[in-house]
Amino acid sequence: MSEQQDHVPGAVVRISEIVGSSPNSFSDAVRNAVQAAAQTVRGIRGVEVIGSNADVDENGNLSLYKVHCKIAFVVER
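Once you know that position 9 of the sequence shown is 17 in the numbering used here, the rest is easy, because the numbers rise by one and skip nothing.
Here it is in structure tokens:
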């Protein structure tokens, strides 16, 4: 995440790493990760996907998409 993305004048921004998954797509995995984090974290300002991988089933099909993400959120004072 760039400093410009995270910049909130006068605020402190925290970065946390999370992992999301989906049986459908990498996009859905990111969406699921952010939505799950938003249930307990307020003020999410951005997300950066650090890495991605997928499980493969016995037929050679992708079966579970996984993403390793950083989320940035404003620390409340």
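Idealized CB from N, CA, C, for every residue including glycine.
Could you pull the start and end residues of the alpha helix (DSSP H) that residue i belongs to?
{"i": "D36", "result": "F34 to A46"}
Within a Cβ cutoff of 6 Å, which residues of the same chain sit near residue i, ignoring the five residues on either side of it in sequence?
{"i": "E43", "result": "Note that residue 43 corresponds to Gln in the displayed sequence, not to Glu. Contacts found: none."}
{"i": "D63", "result": "S71 and L72"}
{"i": "N61", "result": "K74"}
{"i": "H76", "result": "V27, I58 and G59"}
Nearest to residue i by alpha carbon, out of the options?
{"i": "V38", "options": "G28, R85 and D63", "result": "G28"}
Keeping to the same chain, check which residues put their C-beta closer than 8 Å to that of residue i; ignore five residues upstream and five downstream.
{"i": "I52", "result": "V42, A45, A46, I79, A80 and F81"}
{"i": "I19", "result": "Going by the sequence as given, residue 19 is Ala instead of Ile. V82 and V83, listed in sequence order."}
In terms of residue numbering, what span does the beta strand (DSSP E) encompassing residue i cover?
{"i": "R85", "result": "Per DSSP, R85 belongs to no beta strand (DSSP E) and is neither H nor E."}
{"i": "V20", "result": "V20 to S30"}
{"i": "E56", "result": "I52 to V64"}
Nearest-angstrom Cα distance between residue i and residue j?
{"i": "R50", "j": "I26", "result": "15 Å"}
{"i": "P31", "j": "R85", "result": "38 Å"}
{"i": "R22", "j": "E56", "result": "13 Å"}
{"i": "V83", "j": "G54", "result": "13 Å"}
{"i": "N69", "j": "S33", "result": "12 Å"}
{"i": "N40", "j": "D65", "result": "21 Å"}
Return no unless some Cβ of chain B is closer than 8 Å to the Cβ of residue i.
{"i": "L70", "result": "Judged by its chain identifiers, the structure shown contains no chain B, having just a single protein chain."}
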